[in-house]
């Protein structure tokens, strides 16, 4: 019997490490099995943000590109237009501006849609999807969005109405052959042109920055650079210790510690 007891104690001591590992692993496995999978909110709003910011940036880039190509082509062709037959001055810039105005208006509509979508997606990500404001990418995104919204608001509600008024006055006077009135309206329009160019360039930069920060944030979701949340501080989020239990702390079926009474 003493020999059998010794064999049992020896087998028990050999199986303890495995049992301890199993006891530590089972709760963690259970927590992983019964933890709810992440919802679609974060991926959905990240996608909306990326599409909206991409549309916004694309409208700015393509409007500027078409303006450069259109005015350059018109000046090289030096055409005349029957619609402005009474206008005695050069008609290349007159015709190019008339066409480009419609492209700019279409771009403004896309800017408004992109700005609205970017703002709504950012609010949803921060307010409902738990996007942390402590992340660097979130700070850059919010700063760039604020700057872009300020710029596009000035563009849509201050600059564009004034420039549209002067542009239409210029075209109407040119069509009627009123050269003095056309020159006055053209000069008023040109006075806002440098401001419009700088505003468009600044908006392009901050929207590109916002789009890049959003891509950075989406790409690093769940990575180690995420700030620790309350759930991450729970016991199940901490890995089980791999240090072997000291021999003196082990208990045997006979109530002895470390095989001694």
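Numbering (this note's numbering), first residue to last: 4 to 264.
Idealized CB from N, CA, C, for every residue including glycine.
Contact under 8 Å by Cβ, residue i with residue j
i	j	result
residue 163	residue 111	yes
residue 150	residue 209	yes
residue 213	residue 192	no
residue 99	residue 63	no
residue 44	residue 146	no
residue 184	residue 90	no
residue 138	residue 220	yes
residue 182	residue 92	yes
residue 155	residue 103	no
residue 178	residue 107	no
residue 218	residue 53	yes
residue 188	residue 199	no
residue 136	residue 129	yes
Boundaries (first-last residue) of the alpha helix (DSSP H) holding residue i
i	result
residue 76	44 to 80
residue 165	163 to 179
residue 193	182 to 222
Coarse secondary structure for residue i, derived from DSSP in three states
i	result
residue 117	helix
residue 103	helix
residue 92	coil
residue 86	helix
Interface flag, residue i vs chain B, CB-CB below 8 Å
i	result
residue 211	The chain inventory of the structure shown lacks chain B, comprising one protein chain alone.
* **Sufficient close CB pairs (3 or more, under 8 Å) joining the segment 107 to 119 to the segment 54 to 64** => yes
* Go through the segment 121 to 164 residue by residue and report every complete run of the beta strand (DSSP E) that reaches 3 residues or more, in order. => none
* Asked: Is the segment 131 to 149 close to the segment 68 to 88, with three or more CB pairs under 8 Å?
  -> no
* Do three or more CB pairs link the segment 73 to 82 to the segment 150 to 160 at distances below 8 Å? -> no
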